[in-house]
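The block underneath contains the structure these notes are about, expressed in structure tokens.
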Amino acid sequence: MMSDRTARALWLGLLAAVSTVGVSGCTVFEVQPVQPWQRGDLARAEMALEVDPLLSGFRQHVEVSKEAARGGTALAGGGCGCN
Numbered sequence: 012m013m014s015d016r017t018a019r020a021l022w023l024g025l026l027a028a029v030s031t032v033g034v035s036g037c038t039v040f041e042v043q044p045v046q047p048w049q050r051g052d053l054a055r056a057e058m059a060l061e062v063d064p065l066l067s068g069f070r071q072h073v074e075v076s077k078e079a080a081r082g083g084t085a086l087a088g089g090g091c092g093c094n
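Remember, my numbering sits 11 above the position in the sequence shown when you count from 1.
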């Protein structure tokens with residue numbers, strides 16, 4: 012019968028082997044660049060992070076002034092200093 016230490020070592024070895032195979036499998040597939048005919052799909056308005064940059068700027072200005080903290084859109088907390 013195997014001891015707990017031996018069983019743990021076998022499981023860790025198996026986990027390391029499976030992880031290595033999984034990660035190496037991800038690197039086998041080559042990332043293809045965006046083809047010219049695909050760029051039109053990616054440039055649509057629906058794909059933009061901000062639909063209206065001017066409106067987004069106004070909203071961010073209001074949030075910053077209401078939160079009393081700079082960068083209130085990207086950080087956690089309520090502007091009072093507590094995170």
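Glycine included, every Cβ here is placed at the ideal spot set by N, Cα and C.
Only a predicted model underlies this, so the values are computations on that prediction, with no experimental measurement involved.
Following the DSSP letters along the chain, one finds Leu60 in no alpha helix (DSSP H), marked with neither H nor E. Non-local beta-carbon contacts of Ser67 in its own chain, meaning distances under 8 Å to residues more than five positions away in sequence, involve Glu61 in chain order. With contacts defined by Cβ atoms closer than 8 Å, Leu53 and Val42 do not form a contacting pair.
Here DSSP, grouped into helix, strand and coil, assigns Pro44 to coil.
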